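Novice: Please see the structure below; I have some questions.
There are 2 protein chains.
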Amino acid sequence: MLSISKRGEQMPPSPIRKLVPYAEAAKKRGTKVYHLNIGQPDIETPPAIMDAVRHADIKVLEYSHSAGNESYRRKLVQYYKSVGIEVNYDQIIITTGGSEAIMFGFFTCLNPGDEVIIPEPFYANYNGFACAAGVNVAPITSHIENGFALPPIDDFEKVITSKTKAVIICSPNNPTGYLYSKEEMLALKEICLKHNLYLFSDEAYREFCYDGEYVSAMHMEGLEQHVVLMDTISKRYSACGARLGAFVTKNKTVYDAAMKFAQARLSPPGLAQIMGEAAVDLPASYFDAPKAEYLSRRNLLVSRLNKMKGVFCPNPGGAFYAMAQLPIDDSDQFCQWLLESFSHNGQTVMLAPATGFYGTAGLGKNEVRLAYVLNLDALNKAMDCLEQALKIYPGRIN
Amino acid sequence: MLSISKRGEQMPPSPIRKLVPYAEAAKKRGTKVYHLNIGQPDIETPPAIMDAVRHADIKVLEYSHSAGNESYRRKLVQYYKSVGIEVNYDQIIITTGGSEAIMFGFFTCLNPGDEVIIPEPFYANYNGFACAAGVNVAPITSHIENGFALPPIDDFEKVITSKTKAVIICSPNNPTGYLYSKEEMLALKEICLKHNLYLFSDEAYREFCYDGEYVSAMHMEGLEQHVVLMDTISKRYSACGARLGAFVTKNKTVYDAAMKFAQARLSPPGLAQIMGEAAVDLPASYFDAPKAEYLSRRNLLVSRLNKMKGVFCPNPGGAFYAMAQLPIDDSDQFCQWLLESFSHNGQTVMLAPATGFYGTAGLGKNEVRLAYVLNLDALNKAMDCLEQALKIYPGRIN
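So the protein sequences, as listed, match chains A and B. Going letter by letter, the first sequence gives residues 1 to 398 in our numbering. Going letter by letter, the second sequence gives residues 399 to 796 in our numbering.
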């Protein structure tokens, strides 16, 4: 018998996409489904960056440099400068989405059997890349009561072993929306310096901070050799399908090793690089409208949720996600029930069960993640659905 | 001290790209460099597929399905049917270039410590993906004397161990241009069935067969569960920079596991999928012109090479590569010398030393790979350079 690999068996399926068949069935029955389950914004991709592709004069769509077009990397240097990050173009590798930047980080810095600390709940696909790389995830739990603030340093110390090589953070956070404060970032710096850990910083949502100051891992002096920035244009310019990201580090040994992984896959997508380069020329005011839109949505969503009986939703400082505690027995069952057995005026809402974002089994059973990627009207209707659903859900617990 | 991973250290740098600094220096000195070192064709990307992107009506460039747009996968079913391959759309995962298809194959089917057999010389990046996956490459040597035909089955039997899980073939071949015959494919089938091995079939150059019949691994009855087809549009439509490929298998267990890796990276490039879909609608006659062009180039190149004293170049049946045996001491030194110390009428030629394509140390020292990706006039001038160079190269050995 042919057998597949152990990592192929152990690789976690997407916890977000597993409910898709139920959503499809609901739609077939004629039920309108509001998708708050996935971070696919409805914000228009800036026409100027789509036009850059339309007007590009390309005779032969050639491989680019394995690190990405030098012209694009030089443009990104300008962009990073505008957010207070000083890097050179030869400290940037253009990647196929933020996903590939995460993968390069795991493969370049960690051996099979090594451990990476991640505050949970966390972006579920970190599990997938860890599994592919043979790396073990050591979760430390953040809590909804304080809005998912960074867990105390003691909690880090407790899980650190000789195998621990890195910490992954995402700020503003997916799935919690939490924005780490300067003090929290400094605490992370101390722990990375003290225990000689890499700090992988996923900053996909940098542009969307509503309360408090954005602090990049790259802002912290003295931590330069430890930081790998994992970036993407997916959310910044609502261009998820472009698959364009960046792996940025001032650690030359890490950079040179990551470049070998980049060379093996030849080059990042060519047309997307044209979009990325044009995006740097968008006026700084470009972000005003999407940011204001997300802020209104956040305010509506959080307000509606906290008015529902038994629901608690801390106010997220950034990104476009919120985590809510619901009076339910099991978030997986509840989210499936919403699609399978519930409708309100012919409508229902699709949410992401929080269980998929925790590394510790059993956590997240009464929490869901909501992505506020729909307009205010749709969000209001989705909240009407949720409000009604919670009144009649058979597994309601208080 | 922070340290990188063992695989980051062991990852092989690109053997093709290591000479790039010497080429850049030559150009700075004003020397014209003919690039026969890399498989980047000069053939125009079909304007119709570029136009499909230009005219696409995209408001939000969204994530596609992790397996790629269903519309594109259904189109590809038609394309595969046209080359005698019967597959369903749900047996196809659209990938980021052929590279990602190769990676999915390694990660899905092989454990760290497992072995993959590859007839050498072989596409150098297989080494990179094997290293990333912790898989060991067991090369078996094919020989220039018989044009790099499939080595005898005995040679396979000799290297098979309990750790051997797969064979990788590439036909028509990069770097040799060799096209496996039906008999050779049947021999591979027998060995895979007998020893329960996967057959990874890299068919990037399917369209470019000049002598003999193209046989796909997917044409072989009884081997369906063993075959993983690794495909790409890079060479087919001269669209290397699009980064669009496909992972195709009828083995549902393998497909389902590979889908989990696909989900972790979310989706393949969106704009490239529009190109790929439009490409299936190109008339069948589209391939006539590039194929005729490559055939003329092959004939010129092989004829010129074999007229040079001490040079032997077997006639490759497909792809756009030829391997030549030269009267030199060391192909790495020779290729570097061509760029560093030689010019002929202000021109030189860049070749790929064959050493990078062999897994067995010491092989390929008197061989180079030539990619005939330039027009006839440029090829002739490049051959003039090589002919002159061989007359005066200090390391000439006969």
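Cβ atoms here follow ideal geometry from the backbone N, Cα and C, with glycine treated the same way. For clarity, every value in this text was computed on a predicted model and none was experimentally measured.
Which runs of the beta strand (DSSP E), 3 residues or longer, sit entirely within the segment 557 to 636 of chain B?
Specialist: 562 to 568, 596 to 600 and 625 to 630
Novice: Per DSSP, what kind of secondary structure is A/F342 in: helix, strand or coil?
Specialist: In the first sequence, counting from the first residue as 1, residue 342 of chain A sits at position 342. Looking at A/F342 - three-state DSSP - the assignment turns out to be coil, as it is neither helix nor strand.
Novice: For A/K381, which residues of its own chain have a beta-carbon under 7 Å away from its beta-carbon, when the five flanking residues on both sides are left out?
Specialist: Here the question's residue 381 of chain A lines up with position 381 in the first sequence. Around A/K381: Y34 and Q347.
Novice: In the DSSP assignment, find the beta strand (DSSP E) that holds B/K705 and state where it starts and stops.
Specialist: To locate residue 705 of chain B, count along the second sequence from 1; it is residue 307. It is not in any beta strand (DSSP E) - B/K705 instead sits in the alpha helix (DSSP H) that spans D686 to K705.
Novice: Checking 8 Å against the spacing of the C-beta atoms, do B/S412 and B/M657 come in under that value?
Specialist: Reading the second sequence from its first residue, position 14 is the one you call residue 412 of chain B. Reading the second sequence from its first residue, position 259 is the one you call residue 657 of chain B. Not in contact: B/S412 and B/M657 (Cβ atoms no closer than 8 Å).
Novice: Spell out a yes or no on whether the segment 236 to 248 of chain A and the segment 89 to 101 of chain A are touching, meaning 3 or more CB-CB pairs, one atom from each, closer than 8 Å.
Specialist: Judged by Cβ distances under 8 Å, the segment 236 to 248 of chain A makes contact with the segment 89 to 101 of chain A, as three or more pairs qualify.
Novice: Short check: CB of A/K165 to CB of A/L197, under 8 Å?
Specialist: In the first sequence, residue 165 of chain A corresponds to position 165, counting from 1. In the first sequence, residue 197 of chain A corresponds to position 197, counting from 1. Yes.
Novice: How about A/R29: is its C-beta nearer than 8 Å to some C-beta of chain D?
Specialist: Absent here is chain D; the protein component of the structure consists of chains A and B.
Novice: So, using beta-carbon positions, are A/I85 and A/A279 closer together than 8 Å?
Specialist: Within the first sequence, numbered from 1, the residue matching residue 85 of chain A stands at position 85. Within the first sequence, numbered from 1, the residue matching residue 279 of chain A stands at position 279. No, Cβ-Cβ distance for A/I85 and A/A279 is not below 8 Å.
Novice: What alpha helix (DSSP H) runs, 4 residues minimum, are completely inside the segment 410 to 460 of chain B?
Specialist: You should have 418 to 426 and 445 to 452.
Novice: Grouping DSSP H, G and I as helix and E and B as strand, with all else coil, what is B/E484?
Specialist: Counted from its first residue, the second sequence places residue 484 of chain B at position 86. Here B/E484 sits in coil by DSSP.
Novice: By the 10 Å Cβ neighbour count, where 16 or more other Cβ atoms means buried, how is B/P714 classified, buried or exposed?
Specialist: Locating residue 714 of chain B in the second sequence gives position 316, counting from the first residue. So B/P714 counts as buried.
Novice: On the criterion of 16 or more Cβ atoms from any shown chain inside 10 Å, does A/V116 qualify as buried, or is it exposed?
Specialist: Locating residue 116 of chain A in the first sequence gives position 116, where the first residue counts as 1. Counting Cβ neighbours within 10 Å, A/V116 comes out buried, since at least 16 surround it.
Novice: Cα separation between B/G545 and B/V557?
Specialist: Taking the first residue of the second sequence as position 1, residue 545 of chain B is located at position 147. Taking the first residue of the second sequence as position 1, residue 557 of chain B is located at position 159. In this structure, the CA atom of B/G545 is about 22 Å from the CA atom of B/V557.
Novice: Please report whether the beta-carbon of B/H433 lies at a distance below 8 Å from any beta-carbon of chain A.
Specialist: Residue 433 of chain B sits at position 35 when you count from the first residue of the second sequence. Chain A, which has no Cβ nearer than 8 Å to the Cβ of B/H433, makes this no.
Novice: Can you list, in chain order, the stretches of the alpha helix (DSSP H) that have 4 or more residues and sit fully within the segment 104 to 146 of chain A?
Specialist: 125 to 133
Novice: Please confirm if B/S802 has its CB atom under 8 Å from at least one CB of chain A.
Specialist: Residue 802 of chain B falls outside the range modelled here, since chain B spans only 399 to 796, and no answer is possible.
Novice: Using the Cα positions of B/S683 and B/E691, report the straight-line distance between them to the nearest angstrom.
Specialist: To locate residue 683 of chain B, count along the second sequence from 1; it is residue 285. To locate residue 691 of chain B, count along the second sequence from 1; it is residue 293. Distance between the alpha carbons of B/S683 and B/E691 is about 14 Å.
Novice: Starting from the Cα of B/E619, find the closest Cα among B/F598, B/D609 and B/M583 and give me that residue.
Specialist: As a first step, residue 619 of chain B must be located in the second sequence, where it is residue number 221. Among B/F598, B/D609 and B/M583, the Cα nearest to that of B/E619 is on B/M583.
Novice: What's the C-alpha gap between A/T45 and A/K81?
Specialist: The residue labelled residue 45 of chain A in the question sits at position 45 within the first sequence. The residue labelled residue 81 of chain A in the question sits at position 81 within the first sequence. In a straight line, the C-alpha of A/T45 is about 23 Å away from that of A/K81.
Novice: If you measure between the beta carbons of A/L351 and A/L301, is that distance less than 8 Å?
Specialist: Counted from its first residue, the first sequence places residue 351 of chain A at position 351. Counted from its first residue, the first sequence places residue 301 of chain A at position 301. No, the pair does not count as a contact, with Cβ atoms beyond the cut-off.
Novice: Would you decide whether A/H344 is buried or exposed? Buried here means 16 or more other CB atoms lie within 10 Å of its CB.
Specialist: Numbered from its first residue, the first sequence carries residue 344 of chain A at position 344. Flag for A/H344 reads buried.
Novice: I'd like the span of the alpha helix (DSSP H) that includes A/L465, first residue to last.
Specialist: There is no way to answer for residue 465 of chain A, as the model of chain A reaches only from 1 to 398.
Novice: Closest by CA to A/F208, which one among A/L271, A/Y393, A/Y237 and A/N251?
Specialist: Along the first sequence, one-based indexing puts residue 208 of chain A at 208. Among A/L271, A/Y393, A/Y237 and A/N251, the Cα nearest to that of A/F208 is on A/Y237.
Novice: Give a yes or no on whether the C-beta atoms belonging to A/G362 and A/S64 are separated by under 8 Å.
Specialist: Stepping through the first sequence from its first residue, residue 362 of chain A is reached at position 362. Stepping through the first sequence from its first residue, residue 64 of chain A is reached at position 64. Contact: no.
Novice: Figure out for me which residue from A/Y358, A/V215 and A/Q333 has the closest Cα to the Cα of A/V137.
Specialist: Indexing the first sequence from 1 puts residue 137 of chain A at position 137. For the residues A/Y358, A/V215 and A/Q333, the minimum Cα distance to A/V137 belongs to A/Y358.
Novice: A/Y358 CB to nearest chain B CB: under 8 Å?
Specialist: Position 358 of the first sequence, counted from the first residue, corresponds to residue 358 of chain A. Closer than 8 Å: no.
Novice: Can you tell me where the beta strand (DSSP E) holding A/Y321 begins and where it ends?
Specialist: Mapped onto the first sequence, residue 321 of chain A falls at position 321. Element bounds for A/Y321: Y321 to Q325.
Novice: Which word fits B/K705, buried or exposed, when buried means at least 16 other C-beta atoms lie within 10 angstroms of its C-beta?
Specialist: Locating residue 705 of chain B in the second sequence gives position 307, where the first residue counts as 1. B/K705 should be labelled exposed.
Novice: Any Cβ of chain B within less than 8 Å of the Cβ of A/L188?
Specialist: Sequence index remark: in the first sequence, residue 188 of chain A carries index 188 (1-based). Cβ-Cβ to chain B under 8 Å: no for A/L188.
Novice: Is B/H453 buried or exposed, if buried means 16 or more other CB atoms sit within 10 Å of its CB?
Specialist: Reading the second sequence from its first residue, position 55 is the one you call residue 453 of chain B. So B/H453 ends up on the exposed side.
Novice: Which residues mark the beginning and the end of the alpha helix (DSSP H) in which B/V652 is found?
Specialist: On the second sequence, residue 652 of chain B is found 254 positions in, with the first residue counted as 1. Looking at the DSSP string, the run of the alpha helix (DSSP H) that includes B/V652 is K650 to A662.
Novice: DSSP beta-bridge partners for B/E765?
Specialist: As a first step, residue 765 of chain B must be located in the second sequence, where it is residue number 367. Paired residue(s): B/Q723.
Novice: B/F710: which of B/F718, B/S701 and B/G716 sits nearest, CA to CA?
Specialist: Walking along the second sequence from the start, residue 710 of chain B turns up at place 312. The residue with the shortest Cα to Cα distance from B/F710 is B/S701.
Novice: What residues of chain A sit near B/N523, judged by a beta carbon separation below 9 Å?
Specialist: In the second sequence, the residue the question calls residue 523 of chain B occupies position 125. Q263, A264, R265 and L266, listed in chain order.
Novice: Under 8 Å between C-beta atoms, does B/F554 make it to chain A?
Specialist: Locating residue 554 of chain B in the second sequence gives position 156, where the first residue counts as 1. For B/F554, the answer is no, since every Cβ of chain A falls outside 8 Å of its Cβ.
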